[in-house]
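Asks: In our numbering, the protein residues as written are 4 to 110. One structure coming up, written as structure tokens, with questions to follow.
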């Protein structure tokens with residue numbers, strides 16, 4: 004499985020306008036892939052947001068999906084734009100934002 008954090012995608016689009024980044028190039032905007040699956044998000048959510056899972060704000064009971072192995076070479080992308088966020092960092096950011104919005108909704 005391969006994903007990209009929205010912050011990394013935005014940064015790459017902006018950084019591609021730098022004078023030292025030659026035009027006509029292609030960049031793969033994704034994490035490294037490998038042995039990841041959406042099911043791993045449940046483990047990550049439980050690890051970082053255990054209380055929210057425990058109190059029911061995050062049910063964390065999605066279906067089990069089969070794993071797809073996609074390994075990507077993003078060396079050129081990271082050399083040009085810097086290290087991309089990991090799948091775990093992306094999930095933590097998304098869920099953290101969701102919990103913030105949930106709390107504001109209850110205000």
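Glycine included, every Cβ here is placed at the ideal spot set by N, Cα and C. Remember, it's a predicted structure, so these values are computed and weren't measured experimentally.
Relative to the C-alpha of residue 69, which residue among 86, 100, 43, 76 is closest?
Replies: Residue 69 sits at position 66 when you count from the first residue of the chain shown. Considering only alpha carbons, the answer is 43.
Asks: Below 6 Å CB to CB, which residues in the same chain sit around residue 66 once its five sequence neighbours on both sides are set aside?
Replies: As a position in the chain shown, residue 66 is number 63, starting the count at 1. The answer is none, since no qualifying residue turns up.
Asks: Under 8 Å: do the segment 100-109 and the segment 47-66 share three or more Cβ pairs, one atom per stretch?
Replies: yes
Asks: Could you tell me whether the segment 70-83 touches the segment 20-36, using the rule of 3 or more Cβ pairs below 8 Å?
Replies: yes
Asks: Please classify residue 48 as buried or exposed, where buried requires at least 16 other C-beta atoms within 10 Å of its C-beta.
Replies: Walking along the chain shown from the start, residue 48 turns up at place 45. Its Cβ being crowded by 16 or more others within 10 Å, residue 48 is buried.
Asks: Answer with buried or exposed for residue 73, where buried requires no fewer than 16 other C-beta atoms within 10 angstroms of its C-beta.
Replies: On the chain shown, position 70 is the one that residue 73 refers to. Its Cβ having fewer than 16 others within 10 Å, residue 73 is exposed.
Asks: Just grab the DSSP bridge partners of residue 83 for me.
Replies: What you label residue 83 is simply residue 80 of the chain shown in a count that begins at 1. Partner(s): none; residue 83 has no beta bridge.
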